[in-house]
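There are 2 protein chains.
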Amino acid sequence: MQADKVFKALGDPTRRKLLDLLCEKNGQTLGQLCENLDMARQSATQHLEILEAANLVSTVRRGREKLHFINPVPLHEVYERWVRKFERQRLSLLHDLKKELEGE
Amino acid sequence: MQADKVFKALGDPTRRKLLDLLCEKNGQTLGQLCENLDMARQSATQHLEILEAANLVSTVRRGREKLHFINPVPLHEVYERWVRKFERQRLSLLHDLKKELEGE
DNA sequence: AGAATATGCAGGTAAATACCTGCATGTCAA
DNA sequence: TTGACATGCAGGTATTTACCTGCATATTCT
Numbered sequence: 001m002q003a004d005k006v007f008k009a010l011g012d013p014t015r016r017k018l019l020d021l022l023c024e025k026n027g028q029t030l031g032q033l034c035e036n037l038d039m040a041r042q043s044a045t046q047h048l049e050i051l052e053a054a055n056l057v058s059t060v061r062r063g064r065e066k067l068h069f070i071n072p073v074p075l076h077e078v079y080e081r082w083v084r085k086f087e088r089q090r091l092s093l094l095h096d097l098k099k100e101l102e103g104e
Numbered sequence: 001m002q003a004d005k006v007f008k009a010l011g012d013p014t015r016r017k018l019l020d021l022l023c024e025k026n027g028q029t030l031g032q033l034c035e036n037l038d039m040a041r042q043s044a045t046q047h048l049e050i051l052e053a054a055n056l057v058s059t060v061r062r063g064r065e066k067l068h069f070i071n072p073v074p075l076h077e078v079y080e081r082w083v084r085k086f087e088r089q090r091l092s093l094l095h096d097l098k099k100e101l102e103g104e
């Protein structure tokens, strides 16, 4: 997993919207995705390239079209490494701050 | 939740390291955190400000020191919105791609 | 074949980002 | 009260990012 690419990919509202669009209807072409985006096609292409580099989207060429599919695996890995770790200690981490605010 | 700030905050290795450092020992001062970072103090301050703006870190002033505490809540919210959604459909999303690769 | 369609490639710009140095302020302790 | 220490503030630079326009290539359909 490359946490860096995954988080950077998710750190942009356009790219999160692309994931949501693909979640509604997987396997859309570049053109279909662009219809929902309000930016030039080439800008959308760049966003999709970033999602692909983060392995969050896989593509398949079909004739002159390019189909885009969500790959949920990196999200799961990010969750395992970056969310569960803190989730496990959630209450004790909050307790640390509370104790300090109350004056030790 | 501000997904944008949270993901952008997580999209930098220094900031993820800061979270790991605080996870090992919560409530560290700026100076303590800097000792583990290999960059100027002011650069670390900027990273901590970004984590604080994303609400991933809360601070408490104690005399001339500033203590830093992890706040795990935004991570949990990001998980609920951005991971569980895809996790629920994980197998069907992967199936879409597999089907396409096999030629419909 | 030729026109329409879908995507790729090559730049170019403005704003954001991640660093830095230098100096100022506030706090503690002898 | 003065020196040492912890942090804050101001500004400066190089790189990355998120857009764009214009043109090229590849595929389909008539």
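Protein chains in written order, with UniProt numbering: chain A, 1 to 104; chain S, 1 to 104. Where a beta carbon is used, it is the ideal one built from N, C-alpha and C, also for glycine.
What does the Cβ neighbour count give for residue i, buried or exposed, with the cut at 16 atoms within 10 Å?
i	result
S/R81	exposed
S/L93	buried
A/H95	exposed
S/R62	exposed
A/I84	The question names Ile, but residue 84 of chain A is Arg in the sequence shown. Exposed.
A/V78	buried
A/A9	buried
A/R41	exposed
A/L97	buried
S/L101	exposed
Determine, using beta carbons only, whether residue i and residue j come nearer to each other than 7 Å.
i	j	result
A/F69	A/N36	no
A/L18	S/F86	no
A/R15	A/H47	yes
S/G31	A/G11	no
S/L67	S/V57	no
S/K5	S/A54	yes
Using CA atoms only, rank isn't needed, just tell me which of the options is closest to residue i.
i	options	result
A/P13	A/A44, A/Q89, A/R90 and A/S58	A/A44
A/V73	A/E100, A/L91, A/Q28 and A/E52	A/E52
S/R88	A/E102, A/N71, A/L101 and A/E100	A/N71
S/L91	A/C23, A/C34 and A/F7	A/C23
A/E65	A/I50, A/T29, A/F7 and A/Q2	A/T29
A/A3	S/A3, S/F7 and S/D38	S/F7
* Asked: In the segment 82-96 of chain A, which residues sit with their C-beta less than 8 Å from some C-beta in chain S, listed in chain order?
  -> Taking 8 Å as the upper bound on Cβ-Cβ separation, chain S lies near residues W82, V83, K85, F86, E87, Q89, R90, L93, L94 and D96 of the segment 82-96 of chain A.
* When Cβ atoms are compared, which residues of the segment 29-47 of chain S fall closer than 8 Å to chain A? -> Those residues of the segment 29-47 of chain S that come within reach of chain A (Cβ to Cβ, closer than 8 Å) do not exist; the list is empty.
* Listed in chain order, which residues of the segment 6-28 of chain S have Cβ atoms closer than 9 Å to some Cβ of chain A? -> So the close ones are V6, F7, K8, A9, L10, G11, D12, P13, R16, L19, D20, L22, C23, N26 and G27.
* **Unbroken stretches of the beta strand (DSSP E), 3 residues or longer, contained in the UniProt domain "HTH arsR-type" (1-90) of chain A** => Runs of the beta strand (DSSP E) inside the UniProt domain "HTH arsR-type" (1-90) of chain A: 57-62 and 65-70.
* Asked: Any residues in the segment 52-71 of chain S with a beta carbon nearer than 7 Å to a beta carbon of chain A? Which ones, in chain order?
  -> Interface annotation for the segment 52-71 of chain S against chain A: S58, V60, L67, F69 and I70, criterion Cβ-Cβ distance under 7 Å.
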